Amino acid sequence: RTCGMEWQKCGDAFGRCAAKACGEDDACAVAARAADEEISGGASHMAVCKAFRDTQHELCDCLPLKTAKEGVASRLAAFYAAFKPDRLDEGGAVMGVEEVLTKWRGS
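The opening position of the sequence shown corresponds to residue 643 in my numbering, with each subsequent residue numbered one higher.
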């Protein structure tokens, strides 16, 4: 979910995140490329921009900051559960979530 984020910034962040999360896992890299293709709408610049805007409109909700922050933490925990379970504590919460959120807020 990249509500309000510029296309280039979103694409760059997704690429860095996917590379870091997938590492040498080919199945993960294939899934990341498929997700990127699904969201971007293909290679055409016009299709990409339209698909990006349409996806943001479809998936994004305008929320108070506190509610949005809780939602981000929840989605991050679900992502780590699937791809980096060692980043979760025994209760399934992201360890050091504030540091992670602060890092990505500035990206």
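No residue lacks a Cβ here, since even glycine has one placed at the ideal position from N, Cα and C.
Keep in mind the model is a prediction, meaning the values are calculated, not measured.
C-beta atoms of G734 and A723 nearer than 9 Å: yes
Status (buried if at least 16 other CB within 10 Å, exposed otherwise) for V736: buried
Where A660 sits in the DSSP three-state scheme: helix
Cβ-based neighbour list, C670, same chain, cut-off 6 Å, excluding 5 preceding and 5 following: C664
Residue environment, A674, which counts as buried when at least 16 other CB atoms sit within 10 Å: buried
Counterpart residues of V736 in DSSP-defined beta bridges: L730
Alpha-carbon spacing of L730 relative to D696, whole angstroms: 32 Å
Cβ pair K711, L743 closer than 9 Å: yes
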